[in-house]
Every structure is written in C-alpha cells, then in structure tokens.
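Undergrad: First the structure, which I've put down as structure tokens, then a few questions once you've had a look.
Residue numbers (mature numbering (1 follows the signal peptide of the UniProt record, and there is no 0)): -26 to -1, 1 to 513.
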C-alpha cells in the first residue's frame, strides 16, 4: 500500500477546476504556440490562412482558425478590416487542490460498493424511482479524456491534444468527472446521477492536466458538430477570452447546455471563465453539511451549487477514488440537467435552466445569492409527478378520444408551468380534439342524412362549424347542404299542397296536403303547416 500511495502522489492528480493562464507551464513545457484568428467573412478567413506560417486548425462552427504566425503578421492580421480580432493561443494548467484518494487497487483491497453521501441531498434516488436516467441525452465531457472502466460506457469522442489521437484518460480527472455523471447502476462501485446518458469523451487536456485554448475550442466545436445536449467543463481561467466567450455563446445558441466550475480559489474570489459567461451555468461546491465549501469561488455569476467534497467516483485502471473540488460539483449539475432533459425532451436550453431553478434546495439568502446561486440542486418529485400525470392523461385521451378524457387531460396540462413541454402536450390535445371534432361532425352529418330533422341538421351544422377549413370540412358541408336542399324541397312541396287546400277546400286537396305534411321530419316548418291544416279542418 505504501508503494501505491507513493505512486498516486507522484502523478500529481488534481480534483480542482482547471485554471487558464497566459504564462508558460512551470516546467518549461510550452503548449499551443501561435494565435487564434477570428474573422468577419470569407475574405478574412482566406487572409488568415494565406499570411500565416502554418495552419494548426480550422473550426467548423466557430469563425476562427488557429495558426502560427510571427509578430509582424499578427499585427497585419489585427489591422485587417476583415478580421474581428486575434488572440494568443494561451497555455493553461490544472489548479492546485486536493489529491485523489484511491479507494481500490490491484491487491484486491476494494469494495463491492461505496457509500455516496452526495446522492442524498440532491434526491437522486427519487428521480431514478420516477424512471429518469438521462436516457438518450448526449453529454460531452471536455477534460483529460475518459479511461476504460467497467462502470462506464463511452459512446464516442475525440482527442484535441497534439500528442495522441486517443480520447482515453491518462490523468484521471476526466474519468472521475464522467463517473459522477453516468456511472452504471449495477450494484457495484458507485451510482452515477444519470446512468442512461450517452457519454462522449473530449480529451482537451494532457497527462499533466494542461492544455491550450485551441484544444478547448476544438472540443466545443466538436460538440456542436455532433449535436450533444450538455457540455461539462470542469475547468476554468481567471482571464477573460473573447473567442472562448464567442464559442460558448455559439454552442448555447445551437441548443447546447454548458456547465462549468466556478473555481477553487476560495470564497470571495471571482467566478472563473467560462463559468462567468451568461451562456454557461456556473457551479459552486457544497460540503456534507450543505454549507459552501471553503475552496469554492463565489459571486453573482454562480447559478447553482452541488456537492463537491469527498466525492467518490471512477478512476484510472478500474479503480475508484475520492476527492474534492468544484470540478466534482459541476458534473452533479450536468447529470441533473440530463435527467430534466429526459423529462422535458422538447424543452429549450433556456427552459431547462428555468426548470432547474424549480429543482433546488434554496440555501443561503432567499432567491439567488452569490454563494449557492438559486440553491443546491435537488430533484423535486412533485413537479415530475404532475408532468407524468399530465402525460398519462394525454396518452389516454389520444387512445380513447372521449371528450371527458380530453377535458380531464387539458385540466392537468393547464396546471403545468409554462414550458415548451407543456406547449407540446397542449398541441397533442389540440390534435386529439380536432380528430374528435371531425369524427363527431361525420357522425352527425350521417344522422342528418338519415333522419332529416331540423334538430339533426342543426347539430350537424354546429359540429361542422367547429372544424378548421379544409377538404374534410368542405365535403361534410356539401353533404349537409344536400340534406338541407332535400328538406327545403319537401317543405316547399308540402306548403304548396297546404296552400292549394286552403284555396280549394275539398277532400282530395286536404288529403294530399295532410300526406305531404305528415311525411315531413319534425320541426318548426312542419308545426306551422300542421296549424294551417287544422285551421282548414275547423272551417
């Protein structure tokens, strides 16, 4: 075990948030030399490509290229009217925090399962009981990669670092983050918050937990290209970057939720980037007592908080490890968003952020505050129960198409908060109502054709009036108009005979009139003609 702990200590694995800086790594290893050129148009792109010494990467969804260029060329690019701006491809490194505490090793000193204190305060088990696992939700983890582990299923990924094409983790941080999000529920090891998610590993950091801006941008670009739903970024910097800001904004506009760590410099220190950008969800860390963790950065940008101390998760070489940091708090929020995405599959990114606000334990000051944001994330069973009941009612209405079932479902849907999911259920009910209205109109037109009474015709006309314009409505109206014309002719014919009997009061005319009126369907016209006949008889 002594040898094991020495080995663990030597690799310097950190659980904290990654801090971006413009300085070269202390060991003298420089990453990502060059600049990132953001262009306005195609002409600007072509200029950047032509004038640069070499082209390191062209982004697909971000109007930028990573290039190597001398100072003179960089200045020329900055002065070019077709270029928006030029940024250094800065180096960044892992922020010092606590070391991983490995809990299993090759000697067999491991456990079938571990106690996870962090699952209780967020009420994860209630979400699982409701059938929520994050199924079909795509989650990209921009980190050190994800190592092969029996507890994890990786759906794919990419490496954006230069020294390897593999997205396998050679540091441990990314694997730890991934386990918090999506470790399997198999009665072994740990339970991830959203075990049904599709995990994608984006290796943007090397074995030392260092990387460059170019690699992070590649990860965001790849996520946009592959249509992921949520990006987890347990990394950050104290330095603002316009291109990083633009990139996360672009991803958010594409419908991707972005979650990032607030930082590990301690309470009172400002929230790191990209968490500080409005398009990104900033996460602070809480401890076992639901207090703010002492290492957690805080500020007005903090949107939510989550457990971040002594978190057990997956690790390198099929092991498990425990550690602390806002790096660990962040994937809790990512996992919860995956559950909500499954619950509200048609909800927008902005709508899901609002939904998460309803799934919190409001710690600290009432409402949003600088320590916990809106609060500690916590799955709210009552809210999902209302949605589940509304969904079930809508499904029943779609099956039976009974008006009573439609009305009952509409009542339940009406009680839901205003979201795109509610709108979708309302649209489904509207479709059911339209189908029922059409079926009802067809039935009543058929009755009108059969009985030819004023009542049946009136009911059929009312049913047709409820239909939207279209061929179906037009055809039904034509059928009913035929009934109306037939009835009008019969009434006119009977009226003529009654008039004839009134003029010539003989038995033949009276008998013909009585026969014609008796054949009319019940209604006001028949009643009026009967009164006229009775008047003739009295005379």
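Ideal Cβ placement from N, Cα and C applies to all residues, glycine included.
Taking Cβ to Cβ, would you say residue 280 is nearer than 8 Å to residue 306?
TA: The answer is yes: Cβ separation under 8 Å.
Undergrad: Can you tell me whether residue 216 is buried or exposed, with buried defined as 16 or more other CB within 10 angstroms of its CB?
TA: Exposed, since its Cβ has fewer than 16 Cβ neighbours within 10 Å.
Undergrad: Taking the runs of the alpha helix (DSSP H) that are 4 residues or longer, which of them lie wholly in the segment 16 to 57?
TA: Listed in chain order, they are 16 to 25 and 45 to 53.
Undergrad: Measure the alpha-carbon distance for residue 59 versus residue 20 and round it to whole angstroms.
TA: So the two alpha carbons sit approximately 15 Å from each other.
Undergrad: Can you find at least 3 beta carbon pairs, one from the segment 98 to 110 and one from the segment 179 to 191, that sit closer than 8 Å?
TA: The segment 98 to 110 is not in contact with the segment 179 to 191.
Undergrad: Where residue 510 and residue 419 are concerned, what is the direct C-alpha to C-alpha distance, given to the nearest angstrom?
TA: Looking at the two C-alpha atoms, the distance is approximately 36 Å.
Undergrad: According to DSSP, simplified to helix, strand and coil, what is residue 276?
TA: If DSSP states are grouped into helix, strand and coil, residue 276 belongs with the strands.
Undergrad: Distance check for residue 349 and residue 320, CA to CA, integer angstroms please.
TA: Looking at the two C-alpha atoms, the distance is approximately 25 Å.
Undergrad: Using only the alpha-carbon positions, how far apart do residue 99 and residue 353 sit?
TA: About 9 Å.
Undergrad: Determine, using beta carbons only, whether residue 258 and residue 303 come nearer to each other than 8 Å.
TA: Their beta carbons are under 8 Å apart, which means residue 258 touches residue 303 by this criterion.
Undergrad: Which value, in whole angstroms, describes the spacing of the CA atoms of residue 482 and residue 430?
TA: Answer to the nearest angstrom: the Cα atoms are 33 Å apart.
Undergrad: I want to check one thing, is the minimum distance from the CB of residue 137 to the heavy atoms of the ligand ZN below 7 Å?
TA: Only the bare structure without any ligand can be found here, which leaves the ligand ZN out of the picture.
Undergrad: Taking C-beta to C-beta, are residue 126 and residue 288 nearer than 8 Å?
TA: Cβ atoms of residue 126 and residue 288: closer than 8 Å.
Undergrad: Should the segment 234 to 243 be regarded as contacting the segment 264 to 281, the criterion being three or more beta carbon pairs within less than 8 Å?
TA: Segments in contact, yes.
Undergrad: Do residue 290 and residue 143 count as a contact pair if the criterion is CB distance below 8 Å?
TA: Against a cut-off of 8 Å, the Cβ pair of residue 290 and residue 143 comes out as a contact.
Undergrad: What are the complete beta strand (DSSP E) segments, minimum 3 residues, inside the segment 385 to 434?
TA: None, since the segment 385 to 434 contains no complete beta strand (DSSP E) of that length.
Undergrad: Going by DSSP, name the residue or residues bridged to residue 177.
TA: Looking at the DSSP assignment, residue 177 forms a beta bridge with 117 and 133.
Undergrad: From 297, 198, 201 and 508, pick the residue whose C-alpha is nearest to that of residue 147; which is it?
TA: If we check each option's Cα against that of residue 147, 297 comes out closest.
Undergrad: DSSP state of residue 230, grouped into three classes?
TA: Reduced to three states, the DSSP call for residue 230 is coil.
Undergrad: Where does residue 335 sit, in a helix, a strand or coil, going by DSSP?
TA: Strand at residue 335.
Undergrad: Ends of the beta strand (DSSP E) at residue 206?
TA: Element bounds for residue 206: 204 to 207.
Undergrad: Label residue 81 either buried or exposed according to how many other C-beta atoms from any shown protein chain fall within 10 Å of its C-beta, with 16 as the threshold for buried.
TA: In this prediction, residue 81 has a pLDDT of 38, which is less than 50 and means its spatial position is unreliable; nothing more can be read from the coordinates.
Undergrad: Spell out the partners DSSP gives residue 128 in its beta bridges.
TA: DSSP lists 173 as partners of residue 128.
Undergrad: Please classify residue 347 as buried or exposed, where buried requires at least 16 other C-beta atoms within 10 Å of its C-beta.
TA: Buried, by the Cβ-count rule.
Undergrad: Going along the chain, which residues of its own chain have a beta-carbon closer than 7 Å to the beta-carbon of residue 465, five neighbours each way excluded?
TA: Here the set comprises 494 and 499.
Undergrad: Is it the case that the segment 397 to 412 contacts the segment 373 to 380, given that we only count it when at least three CB pairs across the two stretches are under 8 Å?
TA: At 8 Å Cβ cutoff, the stretches touch.
Undergrad: Any contact between the segment 153 to 168 and the segment 49 to 56? By contact I mean 3 or more CB pairs, one from each, below 8 Å.
TA: These segments do not touch.
Undergrad: Please look up how many angstroms separate the CB atoms of residue 286 and residue 164, rounded, as I've assumed it's under 8 Å.
TA: The Cβ separation is near 6 Å, so the contact holds.
Undergrad: Could you check the C-alpha separation between residue 235 and residue 132 for me, to the nearest Å?
TA: Roughly 22 Å separates the two Cα atoms.
Undergrad: Could you check what DSSP says for residue 340 in three-state terms: helix, strand or coil?
TA: Here residue 340 sits in coil by DSSP.
Undergrad: Identify every run of the alpha helix (DSSP H) within the segment 82 to 108, keeping only runs that are complete inside it and at least 4 residues long; order them along the chain.
TA: Complete alpha helix (DSSP H) runs here, min 4: 98 to 103.
Undergrad: Between residue 231 and residue 323, is the Cβ-Cβ spacing less than 8 Å?
TA: Closer than 8 Å, so yes.
Undergrad: Less than 8 Å between the C-beta atoms of residue 115 and residue 151, yes or no?
TA: Result yes, Cβ atoms of residue 115 and residue 151 sit closer than 8 Å.
Undergrad: Where do the N-terminal and C-terminal ends of the beta strand (DSSP E) with residue 297 fall, by residue?
TA: Per DSSP, residue 297 belongs to the beta strand (DSSP E) from 294 to 297.
Undergrad: How big is the Cα-Cα spacing for residue 361 and residue 387?
TA: Straight-line Cα distance between these residues: approximately 8 Å.
Undergrad: Residue 190 lies in the alpha helix (DSSP H); which residues open and close that run?
TA: 187 to 199 is the extent of the alpha helix (DSSP H) around residue 190.
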